[in-house]
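Residue numbers (the numbering used here), protein chains in the order written: chain A, 1 to 426; chain B, 1001 to 1254.
Where a beta carbon is used, it is the ideal one built from N, C-alpha and C, also for glycine.
Below: one structure, written as structure tokens.
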Amino acid sequence: MTAPHLPISETRIHEKLRILSDAAKYDVSCASSGSKRANHNKGLGDATGMGICHTYTEDGRCVSLLKLLLTNHCIFDCAYCVSRKSNDIKRAAFTIEEVIGLTINFYRRNYIEGLFLSSGIFKNADVTMERLVTIAKKLRTEHKFNGYIHLKTIPGASEELMQQAGLYADRLSVNIEMPTESALKSLAPDKNMNDILTPMSYLSESIVNYTAEKKVIKTSPAFAPAGQSTQMVIGATPETDKDILFTASSLYKNYGLKRVYYSGYVPISTDERMPGIGTPPPVIREHRLYQTDWLLRFYGFSVNEIVNDEHPLLDTDIDPKLSWALRNPAVFPVDINTADYSLILRVPGIGVSSAKKITAARRFGKLDAQQLSKIGVSMNRAKYFIICQGGSFVNIGLQPQLIRHHILSLSSGKFKSAHSPQLTLF
Amino acid sequence: MQIIYDGTFEGLLTAIFDIYERKFNGVKIFRKDKITALGLFENHEVHSDPDKAARVLRGLKKKLSASTLNNFYWCFLSELDGIEDHILSYARYALSSAQPVEQDYGNASVLEIAQVARKVGREKHRFEAFVRFQEINSNFYYAAIDPDHNVLPLIIPHFRRRYPAQDWLIYDTRRHYGIHYDSQTEQTHEAIMDFDAASNRGQSTCIAIDTDEAHYQSLWKHYFKHVNIPARRNMKLHLQHVPKRYWKYLVEKQ
Ligand code: SF4
């Protein structure tokens, strides 16, 4: 028998780590915030704080969790996925102990906030889900691990398993995968929307119920205290930004999701239904989607103000807030020294923290341009839309085309780096 | 006039006490070890005094919230040139005003203190992320840091919550002191050691003892490499999040 030919530095565990992190990395969620799991047992770790990015990859994404597939063996054949059954790739599987060993040892060295575990579906949904739950359970009970655990729930797994998962994990997610049912049908023949929405609604109800119970009985267990999230792949199929954002907004509304993640499709196959290998991933579009998501959650915008039948696509050259402002010149100029907080928040170049500072500081005296810029307002943008002490800046009136042109000519180059979900460039 | 203090927070509060008591005007406050042009101006050297410091603190507490006083401390830890003068000017403004001034971001010192405190807060958060422990003995973990601001005292509570059952030492190689946590007694104490430049990183001298350490470091590097998506490479963004000056103690950047 000849030994398999491995590079000397790559041991078996290195190889598994390579294959199974490679396959997991397209799942973009890396959040580690929002849990309240304290270290109560002098165990290892604590998940009470805000999320921490321990490092960033060379593509600029946050590394917070050890993100792994338990295995990339899969009986399904989703066209957009590297692990699909019909793809001729090397397969591997971790043992339960291996995943636990990596998690604990990485955590002890402060490399990570916890574990994000997902898996290809081997045998069937329940067998797969059970293995994931076992890992979470052992980490919590045998290793007194209080770090963050995010489990992917496998579509079609039993409610009983999901219920257990919720008791050991901080966050659970079921990926919606595609913005519309028809896209899902065409690319993921083994899946259907129902298998995805049913567990999502089960989780959403459980989270609500357990939270209510915990308010009354403090000692009752927490159920996925950091809530549930989902992800959809964008750019693999021809949906518009409007389709995507309407789906996202209904998920926030109907299932109480904490986050919807948008994963720009990185071409991995020659399937003709999707963009071919070598097509650059739609990073700017993805960034604009995240910015819009932000506007919906923190800036008081409703989805159809940003995208609608008339404007089904986000402008890739300028951010959605600026784009909205240019389409609604009648709202401006906004008087910084008198306008409502909610209106100030809508001015391009003013973020949440500047808006708060403005409404606090103006009680001491009217604010002028210099003070605004010190406070953190990006005057390059804001100046077209505001009046402050000392007057307004543009006497030409609001001419959307002109403003757009000016701002674009100033901000060249910025967009090359502008596709991280962590960035907010308003 | 130059007011010279010993570089402690207590010293800085005592300096404010002296300035008020002796009605000094037109002052600039300097840390003793930072002063370069001694003798050019009139100098007053402050002698740290816990009672005077406490009196200043009591006075400030009447006018300022706990979070602003906290900001003063964080700004002090920033070690930025001239920050003491902003603290003084803010304190003067608050003490002389009949109304609360904390939200007057139109005032240069009020804004500066808020912004520097945020900056220090950002670095604190960064080092809660960038500390990389190595296990140099069974259950003894060591990490070296080199932050711009003196954030070590600020990150300790975070690591106490996180690693109550491990023994650990975090050492600031720029300021030459560390903080050690003992899991038996659950106490932390300051550790002043002088590592020589060659062994500053703690790697060459200490590490060989635990062989697993090298194994996990190599697995971590391997993971870091493979979780990257080359098609999305964006070094500009990468550097913005992980500036080069922080690389030297990051295992994955070695
Ligand atoms: S079920 Fe999951 S792992 Fe399997 S092919 Fe579909 S997306 Fe990939």
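Residue i versus the options, residue with shortest Cα-Cα distance
i	options	result
residue 1132 of chain B	B:1096, B:1143, B:1053 and B:1219	B:1143
residue 336 of chain A	A:301, A:385 and A:321	A:385
residue 46 of chain A	A:232, A:72, A:357 and A:149	A:149
residue 243 of chain A	A:190, A:226, A:309 and A:321	A:309
residue 1231 of chain B	A:253, A:281, A:213 and A:227	A:281
residue 1069 of chain B	B:1250, B:1053, B:1030 and B:1123	B:1053
residue 54 of chain A	A:128, A:81, A:109 and A:87	A:109
residue 1251 of chain B	B:1078, B:1145, B:1075 and B:1087	B:1145
residue 196 of chain A	A:218, A:172, A:378 and A:214	A:172
residue 41 of chain A	A:140, A:289 and A:21	A:140
residue 161 of chain A	A:136, A:215 and A:185	A:136
residue 1178 of chain B	B:1156, B:1166 and B:1165	B:1156
residue 52 of chain A	B:1113, B:1090 and B:1123	B:1123
residue 1212 of chain B	A:71, A:402, A:105 and A:87	A:105
residue 365 of chain A	A:379, A:382, A:389 and A:378	A:389
Contact under 8 angstroms by Cβ, residue i with residue j
i	j	result
residue 211 of chain A	residue 175 of chain A	no
residue 1032 of chain B	residue 1004 of chain B	yes
residue 113 of chain A	residue 147 of chain A	yes
residue 1059 of chain B	residue 1095 of chain B	yes
residue 145 of chain A	residue 43 of chain A	yes
residue 265 of chain A	residue 80 of chain A	yes
residue 1078 of chain B	residue 1149 of chain B	yes
residue 1158 of chain B	residue 1128 of chain B	yes
residue 256 of chain A	residue 204 of chain A	yes
residue 343 of chain A	residue 352 of chain A	no
residue 1161 of chain B	residue 1181 of chain B	no
residue 232 of chain A	residue 177 of chain A	yes
residue 945 of chain B	residue 1001 of chain B	Absent from the model: residue 945 of chain B. The displayed extent of chain B is 1001 to 1254, so no value can be given.
residue 428 of chain A	residue 154 of chain A	With chain A running from 1 to 426 in the structure shown, residue 428 of chain A is simply not present.
CB contact below 8 angstroms: residue i versus chain B
i	result
residue 266 of chain A	yes
residue 63 of chain A	yes
residue 103 of chain A	no
residue 410 of chain A	no
residue 280 of chain A	yes
residue 54 of chain A	yes
residue 163 of chain A	no
residue 18 of chain A	yes
residue 283 of chain A	yes
residue 110 of chain A	yes
residue 375 of chain A	yes
residue 14 of chain A	yes
residue 106 of chain A	yes
residue 22 of chain A	yes
residue 371 of chain A	yes
residue 39 of chain A	yes
residue 115 of chain A	no
residue 351 of chain A	no
residue 340 of chain A	no
residue 317 of chain A	no
is_contact[residue i, chain A] using C-beta, thresh 8 angstroms
i	result
residue 1044 of chain B	no
residue 1116 of chain B	no
residue 1235 of chain B	yes
residue 1155 of chain B	no
residue 1229 of chain B	yes
residue 1104 of chain B	yes
residue 1134 of chain B	yes
residue 1220 of chain B	yes
residue 1166 of chain B	yes
residue 1079 of chain B	no
Closer than 7 angstroms: residue i CB and nearest the ligand FMN heavy atom
i	result
residue 131 of chain A	In the structure on display, the ligand FMN does not appear, and the ligands it does have are the ligand SF4.
Problem set entry | Segment contact, 8 angstroms Cβ cut-off, at least three pairs: the stretch 286-295 of chain A with the stretch 1244-1251 of chain B | Inter-segment contact for the stretch 286-295 of chain A and the stretch 1244-1251 of chain B is absent: fewer than three beta-carbon pairs are separated by less than 8 angstroms.
Problem set entry | Ordered list of beta strand (DSSP E) runs contained in the stretch 205-256 of chain A, each at least 3 residues | Those beta strand (DSSP E) runs which fall completely within the stretch 205-256 of chain A and span 3+ residues are 228-234.
Exercise. Which parts of the stretch 1010-1086 of chain B are runs of the alpha helix (DSSP H), unbroken and 4 residues or longer, counting only runs that do not cross its ends?
Worked result: With a minimum length of 4 residues, the continuous alpha helix (DSSP H) runs that stay inside the stretch 1010-1086 of chain B are 1050-1063 and 1066-1078.
For this session: Kindly provide the ranges of any alpha helix (DSSP H) runs that are 4 or more residues long and lie completely inside the stretch 117-194 of chain A, ordered along the chain.
Result: 125-141, 159-168 and 181-187, all fully within the stretch 117-194 of chain A.
Problem set entry | Segment contact, 8 angstroms Cβ cut-off, at least three pairs: the stretch 1057-1073 of chain B with the stretch 1091-1102 of chain B | A contact between stretches requires three or more CB pairs, one per stretch, nearer than 8 angstroms, and the stretch 1057-1073 of chain B meets this requirement with the stretch 1091-1102 of chain B.
Exercise. Contact between the stretch 370-379 of chain A and the stretch 351-358 of chain A: three or more CB pairs below 8 angstroms?
Worked result: Flag = yes, the stretch 370-379 of chain A and the stretch 351-358 of chain A touch.
Problem set entry | Length at least 4, wholly inside the stretch 45-88 of chain A: the alpha helix (DSSP H) runs in chain order | Counting whole runs of 4 or more residues, the stretch 45-88 of chain A contains no alpha helix (DSSP H) stretch at all.
Exercise. What runs of the beta strand (DSSP E), each 3 residues or longer, lie entirely inside the stretch 365-407 of chain A?
Worked result: For the stretch 365-407 of chain A, whole beta strand (DSSP E) runs of length 3 or above, ordered along the chain, are 386-388.
Exercise. Pairing CB atoms from the stretch 314-327 of chain A with CB atoms from the stretch 299-306 of chain A, are three or more of them under 8 angstroms?
Worked result: Short answer: they touch.
Exercise. Any contact of the stretch 212-223 of chain A with the stretch 184-198 of chain A, i.e. 3+ C-beta pairs under 8 angstroms?
Worked result: Between the stretch 212-223 of chain A and the stretch 184-198 of chain A there are fewer than three inter-stretch CB-CB distances shorter than 8 angstroms, so the stretches are not counted as touching.
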